[in-house]
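> First the structure, which I've put down as structure tokens, then a few questions once you've had a look.
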Amino acid sequence: MTRRSAATAIALALAACAQLACAAGGRQLPALGRRPGHDASWLPGEPRLELHAPRALGGARAAPPELVARTRGGKGGAGIMPVYKKEFPMFFTFAAMMFFTIFIFTMARDTKDTLIVTSAGAEAIAFLKVYFVIPASMLFFLLYAKMSSVLSKRVLFASTMIPFIAFYALFGFVLYPLRNTIHLAEMANVPQGLSYLVKLAQYWSFTLYYIVSELFGSVGVPLLFWQTANDLVGVEQAKRWYPLFSTFGNLAPIVAGQTSALVNGRFEYEAGLRILTAMIVAAGSGVLFSFFSVQRMADAERAAKAAAAAQAAAAAAAQSAAGSPAQQQQQQQQQAEAGALVPKKKKPKLSMAQSLALLARSEYLGLVCVLVLSYGLSIEFTEIMWKAVIKKHLPERSAYMRFMGQYSTAVGVTTLLMTLLGSQIPKRFGWKAGALATPIVIGSLSWVFFAYITFGKVEQSASALRMAVLVGTVQNVLSKAVKYALFDPTKEMAYIPLDEDSKLKGKAAIDVLGARLGKSGGALIQQAIVVYTGSILGGAPVIASLFSAVIIAWIASVNKLNVLFKAKLKERSAAQPDES
């Protein structure tokens, strides 16, 4: 790393820390810098391996960084902007589409948390995820699957995107201003533990906003954007473009966070919500405009290629008599190769029972599943409690929303910085160091956070409450950043030594079991604790104990998996000479 890049990294780190400190105190800072270059990671002493780049913050996965092609000819740094000038219109339209989509996701995420936490309480989120979000997600994807078999891709995209934007407009301009009229009256004599579930019904429009925003997080980038990109971007282009899409996507939370903080710092919450809603609608229009623009570009490109192919075929037919059979065969082969499509491997869909059976048979895949499950549980055990202490510190909606905007900015900046620095850990210290970094970072900061909640008397001490908010914020920011920079890449590296069948089925099983159980399991456990203790803060000692058990199991699984990982790499290296 040069002195200049090191200085840039230090400056960004200091800026992110200042951003967090100002957010905790309610102050604002201007938007921060941009993403530095990304370096690929590999194991020292091992052959260079395929490594999936970190996900963008909206859930998108970038292509392997080592696949990025260098720019040939032209101006600009090689490898920094590997896009040809003739590709600029389509590339930047795709980049704008991703930016607008993640901008909407970030705005909606901060708004949904603000509405639910300040009205029903942070504890209500545990009930929301299990009894509302999961059933709604299942119904949505059943409907989407039905629509996809009937509608064209363009109509399907518009039919999926427009209802989200229409709902956000309806909520911001109609439902929220009428909230005092349309919401139900408060019910008396409800047990404290169950009152959060009752409040979700009472504030039904806020609950609906939360559900819709959760659905958009699962649909926007992972489904709509990447489905379009995979349909229209060629394989060679994807190798160069996809890592840059991740960069543009990671800039969106920074812009959205600063915009939200600025608006809520200058206006009352209702007026600010109208402004932010107008921005969401504008961004949604930008998504639709970008989508149909890339479709028109793709149509024009296909028409040009078809015309060129027809012209070449006519010329070849005219000269076929003079050409030799070998030349004709070569021409036919080139035309076939030009029109051939690379078949994509379909990810198998496994049921819960099939996933359990597969993971039970494979110790290796079972350990990878423990890693994914542990991350999901650890985040669930800390995030709801953190939001509860923020509400105590900042009970007003404008202040809470302003804080969440600063939080989104800090996550964006820290993720970009960690992407640069985190890639050096597996490269220099090996897979184990990279895999252990996530539980160590999350565990060490979370134990301090739980200590403040349990022993700091945050209910009585304002200073202890502020420190709990600050430590919890740093922990949550770093948890997100280290996931994108280290957890996701090292998890993907763990699949490399496996055969193709184990890779495909293993990933599918872990997606079904690890990811879903991490979220729903953590929410169910906290529901039981809230019903018993009456509040999430009252159950802090129990949650801290469960959290500690998860972190210990996580670290033990990494150590065991590291042994198996090295053994499989040796087997693979030994088998390669025989195959050649």
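Residues -23 to -1, 1 to 557, numbered by mature numbering (1 follows the signal peptide of the UniProt record, and there is no 0), are exactly what the sequence shown covers, in order.
Yeah, the Cβ is synthetic: ideal placement off N, Cα and C, and Gly gets one too.
Model, not experiment: these values are computed from the prediction.
(1) Please state whether the Cβ-Cβ distance between GLY449 and ASP87 is less than 8 angstroms.
(2) Quick one: complete beta strand (DSSP E) runs, 3+ long, within the segment 54 to 107?
(3) Can you name, in chain order, every residue of its own chain whose Cβ lies under 6 angstroms from the Cβ of LEU336, other than the five neighbours on each side?
(4) Measuring only the C-alpha atoms, how far is GLU247 from TYR153?
(5) Using DSSP with H/G/I as helix, E/B as strand and the rest coil, what is TYR509?
(6) Among LEU490, GLY234, VAL349, LEU350, whose alpha-carbon lies nearest the alpha-carbon of ARG379?
(7) Label SER237 either buried or exposed according to how many other C-beta atoms from any shown protein chain fall within 10 Å of its C-beta, with 16 as the threshold for buried.
(8) Whole angstroms are fine: how far does the CA of ILE188 sit from the CA of ALA113?
(9) Label ALA551 either buried or exposed according to how many other C-beta atoms from any shown protein chain fall within 10 Å of its C-beta, with 16 as the threshold for buried.
(10) If you count every other CB in all the chains shown that lies within 10 Å of the CB of ASN157, and 16 or more means buried, which is it?
(11) Assuming TYR429 is part of the alpha helix (DSSP H), what are its boundary residues?
(12) Taking the alpha helix (DSSP H) that VAL196 belongs to, which residues open and close that run?
(13) In whole angstroms, what is the alpha-carbon distance linking ALA313 and ALA286?
(14) Which of the three DSSP states is assigned to GLU477 in this structure?
(15) Which term fits PRO372, buried or exposed, when burial requires 16 or more other beta carbons within 10 angstroms of its beta carbon?
(16) With distances taken Cα to Cα, identify the nearest neighbour of LYS216 among SER479, LEU447, PRO59.
(17) Please state whether DSSP places ASN166 in a helix, a strand or coil.
(18) Would you tell me roughly how many angstroms separate the C-alpha atoms of TYR509 and LYS130, rounded to the nearest one?
(19) Tell me whether MET164 is buried or exposed, calling it buried when 16 or more other Cβ atoms sit within 10 Å of its Cβ.
(20) Cβ atoms of PHE542 and PRO474: under 8 angstroms apart, would you say?
(21) Use the C-beta contact count for GLU357: other C-beta atoms within 10 angstroms, 16 or more gives buried, fewer gives exposed.
(22) Going by beta-carbon coordinates alone, are ALA462 and THR392 separated by less than 8 angstroms?
(23) What's the gap between the Cα of SER182 and the Cα of ILE252?
(24) From ALA72 to TRP218, what does the alpha carbon distance come to, in whole angstroms?
(25) Return yes when the Cβ of LYS106 is within less than 8 angstroms of the Cβ of LYS460, no when it is not.
(26) Return the CA-CA distance between SER423 and GLU360, expressed in angstroms with no decimal places.
Inspection of the coordinates gives the following:
(1) Mapped onto the sequence shown, residue 449 falls at position 472. Mapped onto the sequence shown, residue 87 falls at position 110. Against a cut-off of 8 angstroms, the Cβ pair of ASP87 and GLY449 comes out as no contact.
(2) none
(3) Sequence index remark: in the sequence shown, residue 336 carries index 359 (1-based). Only LEU342, GLY343, CYS346, ALA486 meet the Cβ criterion.
(4) Residue numbering aside, residue 247 sits at position 270 when the sequence shown is read from its first letter. Residue numbering aside, residue 153 sits at position 176 when the sequence shown is read from its first letter. So the two alpha carbons sit approximately 8 angstroms from each other.
(5) Residue numbering aside, residue 509 sits at position 532 when the sequence shown is read from its first letter. Here TYR509 sits in helix by DSSP.
(6) As a working mapping, residue 379 is identified with position 402 in the sequence shown. When each option's Cα is compared against that of ARG379, the closest is GLY234.
(7) Residue numbering aside, residue 237 sits at position 260 when the sequence shown is read from its first letter. Buried: at least 16 other Cβ atoms inside 10 Å.
(8) Numbered from its first residue, the sequence shown carries residue 113 at position 136. Numbered from its first residue, the sequence shown carries residue 188 at position 211. So the alpha carbons of these two residues sit roughly 7 angstroms apart.
(9) Counted from its first residue, the sequence shown places residue 551 at position 574. Exposed, because fewer than 16 other Cβ atoms sit within 10 Å of the Cβ of ALA551.
(10) Looking up residue 157 in the sequence shown gives position 180. Under this definition ASN157 is an exposed residue.
(11) Locating residue 429 in the sequence shown gives position 452, where the first residue counts as 1. Residues 408 to 432.
(12) Against the sequence shown, residue 196 aligns to sequence position 219. That run of the alpha helix (DSSP H) goes 181 to 196.
(13) Your numbering for residue 313 matches position 336 in the sequence shown. Your numbering for residue 286 matches position 309 in the sequence shown. Model confidence at ALA313 stands at a pLDDT of 48, short of 50, so the residue's coordinates are unreliable and nothing is read from them.
(14) The count along the sequence shown starts at 1 and reaches residue 477 at position 500. Helix at GLU477.
(15) Here residue 372 refers to the residue found at position 395 when the sequence shown is read from its first residue. Exposed: under 16 other Cβ atoms inside 10 Å.
(16) Position 239 of the sequence shown, counted from the first residue, corresponds to residue 216. It is PRO59 whose Cα lies nearest to the Cα of LYS216.
(17) For the purposes of this step, residue 166 is taken as residue 189 along the sequence shown, with counting starting at 1. It is coil, neither helix nor strand.
(18) In the sequence shown, the residue the question calls residue 509 occupies position 532. In the sequence shown, the residue the question calls residue 130 occupies position 153. Rounded to whole angstroms, TYR509 to LYS130 spans 49 angstroms at the Cα level.
(19) Here residue 164 corresponds to residue number 187 of the sequence shown, with the count starting at 1. It counts as exposed.
(20) Residue 474 sits at position 497 when you count from the first residue of the sequence shown. Residue 542 sits at position 565 when you count from the first residue of the sequence shown. Contact flag set, yes.
(21) Start at 1 with the first residue of the sequence shown, and residue 357 comes out as number 380. The residue in question, GLU357, is buried, as its Cβ has 16 or more Cβ neighbours within 10 Å.
(22) In the sequence shown, the residue the question calls residue 462 occupies position 485. In the sequence shown, the residue the question calls residue 392 occupies position 415. Yes, they are a contact pair.
(23) The residue given as residue 182 occupies position 205 in the sequence shown. The residue given as residue 252 occupies position 275 in the sequence shown. Between SER182 and ILE252, the C-alpha separation is close to 19 angstroms.
(24) Translated into positions along the sequence shown, residue 72 becomes position 95. Translated into positions along the sequence shown, residue 218 becomes position 241. Their Cα atoms are separated by approximately 9 angstroms.
(25) Position 483 of the sequence shown, counted from the start, is the residue given in the question as residue 460. Position 129 of the sequence shown, counted from the start, is the residue given in the question as residue 106. No, these two residues do not count as a Cβ contact at 8 angstroms.
(26) Within the sequence shown, numbered from 1, the residue matching residue 423 stands at position 446. Within the sequence shown, numbered from 1, the residue matching residue 360 stands at position 383. Answer to the nearest angstrom: the Cα atoms are 10 angstroms apart.
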